[in-house]
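**Q**
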């Protein structure tokens, strides 16, 4: 059964528009050599200056490449951008280089300090160095895929016209919609991860011999407390609660910036800081 918003979408015959989000895709990969070890090659020369390339960047470590598509009005267009950028990256690799196909890294060196941090601007590099010191020395190495999505404006405005008397403002309505999506995504996270983001095992040297580690295969090392996550409890009750949760954890020292907050869903705004999201909408 449709809920009320779903029924409005159905009645206005905008199901297709509502099903196709504005989308940008970020895909992180690890560059390796032909023997399956982490590459020792620098950022591919054919891609130009890595600090200025907005579409193919490095992540925390120099061995990680990150493809970032432009935002597209349709998901298929985002996929076309992704394929083109993926081909560009592959063609720019050295003859002995490959892209590792898994989220979890290949066999790592025992001394993780030998893995160079990305050659980024000084402020970003200082953030990476601080982040690594507060985490395990492998937590930033697993890679993944991020989908940046927003709802078609025409869909939002059509639904808003039918329910505008139920919200104090358009921003409150938009925030309600995005929280509803976040809750649904988080509820089915286990299944989405199982189908599309399974990372059940770690190769040699990811864990230290005396380190706490899974005793059997798990659904996802990367998105568990063994991988890229934080101890901060996630809060999707409302946008104000979401913002308050992050800000209070920054104030207490549990997080040292908003960027450190990793969860299955991150709400964002185009117009400033987190607090602005409450006033002007997600």
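Residue numbers (the numbering used here): 993 to 1274. Each residue gets a CB set at the ideal place from its N, CA and C atoms; glycine is no exception.
Identify the residues that DSSP records as bridge partners of residue 1209: which are they?
**A** In the chain shown, residue 1209 corresponds to position 217, counting from 1. Paired residues: none, contrary to the question.
**Q** Can you tell which of 1212, 1265, 1252 and 1152 has its C-alpha closest to the C-alpha of residue 996?
**A** Against the chain shown, residue 996 aligns to sequence position 4. Of the listed residues, the one whose Cα sits closest to residue 996 is 1152.
**Q** Applying the 10 Å Cβ sphere with the 16-neighbour rule, what's the burial state of residue 1180?
**A** Translated into positions along the chain shown, residue 1180 becomes position 188. Exposed, since its Cβ has fewer than 16 Cβ neighbours within 10 Å.
**Q** Rounded to the nearest angstrom, what separates residue 1007 and residue 1099 at their Cα positions?
**A** Locating residue 1007 in the chain shown gives position 15, where the first residue counts as 1. Locating residue 1099 in the chain shown gives position 107, where the first residue counts as 1. Whole-angstrom Cα-Cα distance: 46 Å.
**Q** Curious, which full-length alpha helix (DSSP H) runs of at least 4 residues does the stretch 1085–1155 contain?
**A** Within the stretch 1085–1155, the complete alpha helix (DSSP H) runs of at least 4 residues are 1114–1126 and 1145–1155.
**Q** With DSSP collapsed to three states, give me the class of residue 1060.
**A** As a working mapping, residue 1060 is identified with position 68 in the chain shown. Strand.
**Q** Considering only residues of the same chain and omitting the five flanking positions on each side of residue 1172, which have a CB-CB separation below 7 Å?
**A** As a first step, residue 1172 is located in the chain shown; it is residue number 180 there, counting from the start. Within the same chain, residue 1172 has no close Cβ partners at all.
**Q** Considering only the beta carbon of each residue, do residue 1235 and residue 1270 sit closer than 7 Å?
**A** As a position in the chain shown, residue 1235 is number 243, starting the count at 1. As a position in the chain shown, residue 1270 is number 278, starting the count at 1. Yes.
**Q** Taking buried to mean at least 16 other C-beta atoms within 10 Å of its own C-beta, is residue 1037 buried or exposed?
**A** Residue numbering aside, residue 1037 sits at position 45 when the chain shown is read from its first letter. Residue 1037 is exposed by the Cβ-count criterion.
**Q** The alpha helix (DSSP H) with residue 1048 in it runs from where to where?
**A** Counting from 1 along the chain shown, the entry for residue 1048 is found at position 56. Unbroken run through residue 1048 is the beta strand (DSSP E), 1048–1050; no alpha helix (DSSP H).
**Q** Residues in its own chain within less than 6 Å of residue 993 by CB, not counting five upstream and five downstream?
**A** Here residue 993 refers to the residue found at position 1 of the chain shown. Because residue 993 carries a pLDDT of 44, less than 50, the predicted location of this residue cannot be relied on, and the following value inherits that uncertainty. So no residue of the chain qualifies.
**Q** Can you name the start and end residues of the alpha helix (DSSP H) that residue 1241 belongs to?
**A** Numbered from its first residue, the chain shown carries residue 1241 at position 249. Element bounds for residue 1241: 1231–1244.
**Q** For residue 1003, which of 1229, 1266, 1063 and 1150 has the nearest alpha-carbon?
**A** Along the chain shown, one-based indexing puts residue 1003 at 11. Taking only the C-alpha atoms, the option nearest residue 1003 is 1150.
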